[in-house]
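Chains as they are written, first to last, in our numbering: chain A, 1 to 114; chain B, 1001 to 1532. We treat Cβ as the ideally placed atom computed from N, Cα and C, and that holds for glycine. Here the structure is a predicted model, which is why all the values come from computation and not from measurement.
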Amino acid sequence: MANTNSQHSGHGSSGHGGHHIIPFQIYIKVAAALIVLTFATVFFHWLHLGALAAPVAFLIAAVKAALVMLFFMGLKYDDKLNQVIFGCGFFFLLVLFGFSALDIWTRIKEISTL
Amino acid sequence: MGTTTATHSGEINYINEFKGLKSWFTSLDHKRIGLMYMISVMFFFLLGGLAALLLRLELLKPGGQFLTPDQYNQVLTYHGAIMVFMVIIPGIPAVLGNFFLPLHIGAKDVAFPRLNLASWYVFMFGALLAASTMFTSKIDTGWTFYTPYSIKTGTAVVTMVLAAFIMGMSSILTGLNFIVTVHKLRAPGMTMHRMPLFVWALYSTAILQVLATPVLGITLLLLVAERTLGVGIFDPALGGDPVLFQHFFWFYSHPAVYIMILPAMGVVSELITTFSKKTIFGYTAIAYSSLGIAGVSFFVWGHHMFVSGQSEIAGIVFSFITMLVGVPTAIKMFNWLATLYKGSISFQSPMLYAMGFMFLFAIGGVTGIMLAVLATDVHFHDTYFVVAHFHYVMVGGTLMALMGGFYYWFPKMFGKMYNESLARLTFIFIFVGFNVTFFPQFILGAMGMPRRYFDYIPAYQSLNAISTVGSWLIGTGFLLSLYVLVQGLRKGEKAPANPWGSKTLEWTVPSPPIHTNFEVDPIVKAGPYEYK
């Protein structure tokens, strides 16, 4: 049913031609990077960075998520529209973190007696 | 809309082509799935409505009547959770959206029909889990599950939260389906700027469903983790931050307000132009204002938290951004008014509901400004003013549009006409009853009556009594609507293909449509509202 319709979807379709084959070596390198970054997360936890602990953990997690999306999910070679859609998701995640952080930091300043 | 008109297909249609319950429960037809959502939503609306009537009856006089304070809290939670998660959020997108989105864009079905059916099953699983939890266990957190109370209460928070998580999953799947359908299945010639405004509204809603709902899901899972594993996220005793829960919760739940209202605005756009017999004024502005509302809605959640302990700076920022919501909303209102100007207006029942929407939503919107301003919100927060405000938006807005859309598309959905005089009478009962119920609550709120309490001081009694009588009028209106529906189905005259003289694609096919919607694939040659 859906296939029949997609044949005449013309204007709405933004289809992309062939499926990009990612070399096996890249998969191996990305997997290695993910493992190294996992160890890095544990390492920085042991360092007890205080206020920096959460931002550093988030930064490493963001890099790992980006690697998975770009290579394992093939976003690097995908349609621009799909990249924009993924970007929107991350943008709104930043909005959530940003405004929540604004509240927490300014709240601490407002009520702190130090 | 200029199209190649489909030929009439005789009496075979999507309702009678396949027979038996199994053909319904395994159907991939978006129209049948829309009807299954409709029956589900009507059932839950009955439950939520009965809970509302119980609450109002309890509040008829000060002092306990027939509920204990704990029972009052539980019935309040039933009403809120059922109406939000099982009625208003799925109401228009899942019922009218499922039925009409493919018809509006000239498609035979949604992009992923199996996923569509799965969405209904997932929704029903979550909804029945929630309903059974509510009626077999006690749940007294309200629909917001605020911490730290939701962490400490001994009631069945975990099951209820998981049910909300599951229903959220269904919402995401529906949103994904609609986005892909709009992008991939439009008929030849159906450019984005020739789509009916209802489709634009559904598209904007779908973006919100996909982007915001996962945050609610994760938040609820964090709550479960805290309750079951003792992970310190929201509980101050464990090093957590209860205000953080409110940030996460409202990051979803404020856009959820627009998940509820945007499709309603889409329905109203269709009704205003059809029953004014006039090309809609400012098509592009209305279409993009839907996207504008969806975008802005992600930046304003903090206005629910002005007195939560949130910092003053954050409060000021959120208050300022909240004012921006008024811009795209006003664009819609003024364009609808301009469409009415010099139109050939006919006040049939769907149009009455559209007018009711504009009137009530305007009151809901304007009173929202008072709640968005820090200085006044401190006074109004957690009073009946807030209750009145959000009922004017949710019921006066979404439910009015749902009823209007239902009466508008009833002939297309079932191939029958209904009793127009009785339908108008339902509007009178619901509209009058609504104002009698909720307008006094603005005054009660301004007088300082707090919400969510099962008792109140005698000074508030007369207005509470008026409010309770209003709830009976609303109940009568909805019961009468049920009668109109049943009578129309049983004895209604056969509906013509286009009883209202509308211009959008669904009216070019027989009533009710055939299983595959169009016998001949439509080719769109003009915009959706080419009246004059």
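Neighbour-count burial assignment, residue i, 16 or more Cβ in a 10 Å radius
i: Thr-1004(B); result: A caution first: Thr-1004(B) carries a pLDDT of 41, below 50, which makes its placement in the model too unreliable to give a value.
i: Ser-978(B); result: This structure cannot speak to residue 978(B), because chain B is shown only from 1001 to 1532.
i: Ala-1264(B); result: buried
i: Glu-1270(B); result: buried
i: Leu-1103(B); result: buried
i: Ser-14(A); result: Low per-residue confidence applies at Ser-14(A): pLDDT is 41, beneath 50, and the placement is therefore not dependable enough to give any value.
i: Leu-1035(B); result: buried
i: Asp-103(A); result: buried
i: Ile-1261(B); result: buried
i: Lys-1416(B); result: buried
i: Phe-91(A); result: exposed
i: Val-84(A); result: exposed
i: Met-1160(B); result: buried
Contacting residues, own chain, Cβ-Cβ under 6 Å from residue i (five flanking each side not counted)
i: Thr-1476(B); result: Phe-1429
i: Met-1355(B); result: none
i: Ala-1187(B); result: Gly-1106, Pro-1522, Val-1524
i: Asp-1377(B); result: Phe-1306, Leu-1371
i: Leu-1059(B); result: Asn-1464
i: Pro-1148(B); result: Asp-1235, Pro-1242
i: Leu-1402(B); result: Gly-1091, Ile-1092
i: Gly-1470(B); result: Gly-1433, Val-1436, Thr-1437
i: Ile-1179(B); result: Ala-1206
i: Tyr-1407(B); result: Ser-1349, Pro-1350, Ala-1423
Top-ranked residue by Cα proximity to residue i, from the options
i: Gly-1405(B); options: Met-1333(B), Phe-1390(B), Thr-1274(B); result: Thr-1274(B)
i: Val-1157(B); options: Arg-1227(B), Ile-1523(B), Met-1333(B), Ala-1285(B); result: Arg-1227(B)
i: Phe-1123(B); options: Ala-1107(B), Gly-1292(B), Ala-1094(B), Phe-1099(B); result: Ala-1094(B)
i: Val-1436(B); options: Gly-1448(B), Tyr-1408(B), Val-1110(B), His-1391(B); result: His-1391(B)
i: Ser-1137(B); options: Glu-1420(B), Gly-1048(B), Thr-1153(B); result: Thr-1153(B)
i: Ile-35(A); options: Lys-109(A), Phe-92(A), Ala-61(A); result: Ala-61(A)
i: Ile-1172(B); options: Glu-1011(B), Trp-1250(B), Phe-1306(B), Trp-1120(B); result: Trp-1120(B)
i: Val-1400(B); options: Leu-1422(B), Met-1192(B), Phe-1361(B); result: The amino acid at residue 1400(B) is misidentified as Val; the sequence shows Met. Nearest option by C-alpha distance: Phe-1361(B).
i: Thr-1398(B); options: Met-1358(B), Asn-1073(B), Thr-1133(B); result: Met-1358(B)
i: Ile-976(B); options: Ser-1481(B), Ser-1170(B), Ile-1151(B), Lys-1278(B); result: For residue 976(B) there is no data in the structure shown, the boundaries of chain B being 1001 and 1532.
i: Leu-67(A); options: Val-95(A), Ala-31(A), Gln-25(A); result: Ala-31(A)
i: Met-1169(B); options: Val-1215(B), Thr-1159(B), Arg-1194(B); result: Val-1215(B)
i: Val-1084(B); options: Ala-1052(B), Gly-1097(B), Lys-1061(B); result: Ala-1052(B)
i: Leu-94(A); options: Leu-1050(B), Phe-1251(B), Leu-1222(B), Lys-1022(B); result: Phe-1251(B)
Check: residue i C-beta below 8 Å from any heavy atom of the ligand SAM
i: Leu-1060(B); result: The model on display carries no ligand, and the ligand SAM is accordingly not part of it.
Straight-line Cα distance separating residue j from residue i
i: Phe-1248(B); j: Thr-1284(B); result: 33 Å
i: Ala-1206(B); j: Ile-1088(B); result: 15 Å
i: Leu-1202(B); j: Ile-1457(B); result: 44 Å
i: Lys-109(A); j: His-1079(B); result: 40 Å
i: His-48(A); j: Ala-57(A); result: 11 Å
i: Pro-1510(B); j: Leu-1185(B); result: 21 Å
i: Asn-1116(B); j: Ile-1443(B); result: 44 Å
i: Phe-1044(B); j: Thr-1322(B); result: 32 Å
i: Asn-1517(B); j: Thr-1144(B); result: 41 Å
i: Tyr-1258(B); j: Met-1190(B); result: 26 Å
i: Asn-992(B); j: Phe-1234(B); result: This structure gives no information on residue 992(B), because the portion of chain B shown stretches from 1001 to 1532.
i: Ala-1006(B); j: Thr-1504(B); result: Here the model assigns Ala-1006(B) a pLDDT of 42, short of 50, so the residue's position is not dependable, and the following value carries that caveat. Using only the alpha carbons, I get a separation of about 13 Å.
i: Trp-1024(B); j: Val-1366(B); result: 44 Å
i: Val-1210(B); j: Leu-1176(B); result: 6 Å
i: Thr-106(A); j: Gly-1064(B); result: 44 Å
i: Tyr-1384(B); j: Gly-1448(B); result: 8 Å
i: Tyr-1453(B); j: Gly-1239(B); result: 30 Å
i: Leu-1352(B); j: Lys-1031(B); result: 26 Å
i: Leu-70(A); j: Tyr-77(A); result: 8 Å
i: Lys-1019(B); j: Ser-1481(B); result: 27 Å
i: Gln-1348(B); j: Glu-1420(B); result: 7 Å
i: Met-1167(B); j: Leu-1221(B); result: 13 Å
i: Thr-1508(B); j: Trp-1409(B); result: 13 Å
i: Val-1268(B); j: Ile-1363(B); result: 16 Å
Cutoff 7 Å; reference residue i; Cβ partners in own chain excluding five residues on either side
i: Pro-1440(B); result: Leu-1463, Ile-1466, Ser-1467
i: Ala-1314(B); result: Gly-1302
i: Pro-1255(B); result: Leu-1208, Ala-1212, Ser-1297, Phe-1298
i: Glu-1506(B); result: Phe-1100, Leu-1103, His-1104, Lys-1412
i: Val-1432(B); result: Leu-1473
Residues near residue i by beta carbon distance below 8 Å, same chain, minus five either side
i: Asp-1029(B); result: Tyr-1014, Asp-1109, Pro-1113, His-1515
i: Ile-1193(B); result: Sequence check: residue 1193(B) is His here, not Ile. Same-chain partners within the cutoff: Tyr-1283, Thr-1284, Ala-1287, Gly-1527.
i: Thr-1077(B); result: Met-1134, Ile-1139, Asp-1140, Thr-1141, Gly-1142, Trp-1143
Interface partners of residue i on chain C, CB under 9 Å
i: Gly-89(A); result: Included in the structure are the protein chains A and B, with no chain C among them.
My parser needs the alpha helix (DSSP H) runs of 4 or more residues fully inside the region 1361 to 1404 of chain B; what are they? 1374 to 1380, 1384 to 1393
If you scan the region 1172 to 1205 of chain B from start to end, which runs of the beta strand (DSSP E) of 3 or more residues do you find wholly inside it? none
Ignoring anything shorter than 4 residues or poking outside the region 1441 to 1505 of chain B, list the alpha helix (DSSP H) runs there in chain order. 1461 to 1491
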